[in-house]
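Below is one structure, written out as structure tokens; the observations come after it.
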Amino acid sequence: MNYTKLDTKYKFKALFSKDLRDEIEEKGVCSNCKSPNTGEDWCNKCDPGQWIPYDRLQDIKPIGKGGYAVIYSATWLDGEPNELHRERIGPITVELKKFKSSLNIMEALTKCNTGSTGLYGITRDPRSKEPIMVLAYAKHKNLRNYLKEKFSTLKWEHKLNILFFVTLNLQVIHGSGCIHKDLHSGNILIGFNDPMFNLGESLNSKLSSLVLPYVAPEILEGEPYTEASDIYSLGIIMTELTTGKPPYGTVPHNDDLTLTICNGLRPRVAKGTPKRYIDLVNQCLDADPQERPSSIELYRIFENWKLKLEDKKPSKIFDEFSEADKLS
164 MNYTKLDTKY KFKALFSKDL RDEIEEKGVC SNCKSPNTGE DWCNKCDPGQ WIPYDRLQDI
224 KPIGKGGYAV IYSATWLDGE PNELHRERIG PITVELKKFK SSLNIMEALT KCNTGSTGLY
284 GITRDPRSKE PIMVLAYAKH KNLRNYLKEK FSTLKWEHKL NILFFVTLNL QVIHGSGCIH
344 KDLHSGNILI GFNDPMFNLG ESLNSKLSSL VLPYVAPEIL EGEPYTEASD IYSLGIIMTE
404 LTTGKPPYGT VPHNDDLTLT ICNGLRPRVA KGTPKRYIDL VNQCLDADPQ ERPSSIELYR
464 IFENWKLKLE DKKPSKIFDE FSEADKLS
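Dropping the structure here:
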């Protein structure tokens with residue numbers, strides 16, 4: 164089965180046929196990861212875009228839907244290239260994401276660099292002619308389910324690792340001039356190499372399709388989306404990582420909740436949460452969007468905290484989060 168290159172105007176490079184057995188020297192070495200290229204001047208790990216024939220996908224079943232897309236599971240008969248990039252690994256389970264709008268998915272992917280979202284490539288529905296994203300299958304599906312299953316054993320090092328990768332993705336999106344608009348724990352997939360977004364592209368979203376507890380108060384009051392509204396949503400996710408439970412879980416999601424959020428209601432963090440973490444949550448949930456930190460600032464903070472915990476050496480940061488683990 165030959166895998167063809169995507170049109171270069173979409174800035175994806177070629178995926179060459181698995182039958183090519185060129186010597187590694189002929190293909191060169193990836194300038195980014197230093198691994199042997201999959202094809203000539205192309206590295207699958209660093210540039211994953213490829214065209215996947217629809218007839219190589221079987222057992223397609225709907226598994227969920229959101230405000231922007233319908234998600235399916237499927238079996239990809241060929242799978243991705245193995246570590247030596249000489250042949251494919253055989254059937255694997257993948258996710259298919261079919262957008263509800265007429266947004267040109269290829270242009271959206273180009274604009275919003277999705278290399279960190281477990282993207283294998285693109286296919287097309289032969290009936291509707293609509294393009295479909297082919298993504299890595301997330302074992303635990305999403306952060307909300309993951310917390311439900313694993314929270315009792317989850318340490319702060321892992322929680323910060325999740326936030327590190329979430330902000331890594333988010334700062335890439337913001338750096339590309341995009342806004343997520345629908346960030347919540349059901350939209351963060353767990354089970355690939357790292358946490359990744361089930362991306363809701365920057366569409367003209369309707370408020371009714373969003374998850375109310377994660378929507379910034381200024382959006383509820385009719386203001387336009389900004390990067391700061393994504394940061395508010397991230398702040399709500401940060402509270403969820405301290406409790407293991409969705410925000411306002413026992414409160415009806417109605418106009419009364421909308422009003423109380425606009426009047427200053429915020430979810431509480433769990434007892435024993437480190438003060439520096441609480442302070443950062445409060446900054447993200449500030450009623451004034453201008454007072455919220457940027458995604459790149461958050462990325463750097465979580466990177467620093469994550470490295471301190473991984474280092475295991477005594478420090479204020481390490482000691483605070485280690486003590487919090489003992490209290491949980």
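Numbering (my numbering), first residue to last: 164 to 491. We put the beta carbon where it would ideally sit given N, CA and C, even for glycine. As the structure is a computational prediction, the values presented were derived from the model and not from experiment.
Could you spell out the range, first to last residue, of the alpha helix (DSSP H) harbouring Val329?
-> Trp319 to Gly338
Is Thr330 closer than 7 Å to Phe484 when the C-beta atoms are compared?
-> no
Tell me, please, which residues DSSP counts as bridged to Leu462.
-> Before going on, a small fix: residue 462 reads as Tyr here, not Leu. DSSP lists no partner for Tyr462.
Straight-line Cα distance separating Thr406 from Cys275 = Low local confidence applies: a pLDDT of 46 at Cys275 is under 50, so the model's placement there is unreliable, with the coordinate-based value given in what follows. So the two alpha carbons sit approximately 32 Å from each other.
Measuring CB to CB, does Thr389 end up less than 7 Å from Pro430?
-> no
Using the Cα positions of Ser396 and Ile255, report the straight-line distance between them to the nearest angstrom.
-> 33 Å
Reference Asp288; option with closest CA among Ser315, Ala301, Phe314 and Lys260 | Lys260
Once you ignore the five residues that flank Trp319 on each side, which residues in its own chain have a CB closer than 7 Å to its CB?
-> Leu472, Phe484, Ala487 and Asp488
Boundaries (first-last residue) of the alpha helix (DSSP H) holding Val144 = The question about residue 144 has no answer here: the residues shown for the chain are numbered 164 through 491.
Among Ile325, His347, Glu293 and Leu373, which one has its Cα closest to the Cα of Ile353?
-> Ile325
When the Cβ atoms of the stretch 304 to 311 are set against those of the stretch 343 to 350, are three or more pairs found closer than 8 Å?
-> yes
Between which two residues does the beta strand (DSSP E) carrying Thr406 extend?
-> No beta strand (DSSP E) holds Thr406; the alpha helix (DSSP H) holding it covers Glu390 to Thr406.
Just mark His416 as buried or exposed, buried being the case when its beta carbon has 16 or more other beta carbons within 10 Å.
-> exposed
Measure the C-alpha to C-alpha separation of Lys344 and Glu381 and round it to an integer number of angstroms.
-> 13 Å
Can you round the beta-carbon distance between Ile226 and Ile234 to whole angstroms, since I take them to be within the 8 Å contact cut?
-> 5 Å
Among the residues of its own chain, which have a CB less than 7 Å from the CB of Ser109, if the five just before and after it don't count?
-> Because the chain in this structure spans residues 164 to 491, residue 109 falls outside the shown range and cannot be described.
Cβ separation of Ile399 and Tyr377, assumed to be a contact under 8 Å, to the nearest whole Å | 5 Å
DSSP on Ser415, reduced to helix/strand/coil?
-> Rather than Ser, the amino acid found at residue 415 in this sequence is Pro. Coil.
Any idea what DSSP makes of Ser236, helix, strand or coil?
-> strand
To which residues of the same chain is Val414 closer than 7 Å at the C-beta, ignoring the five residues directly before and after it?
-> Leu420
How about Ile121 and Thr286: are their beta carbons less than 7 Å apart?
-> Because the chain in this structure spans residues 164 to 491, residue 121 falls outside the shown range and cannot be described.
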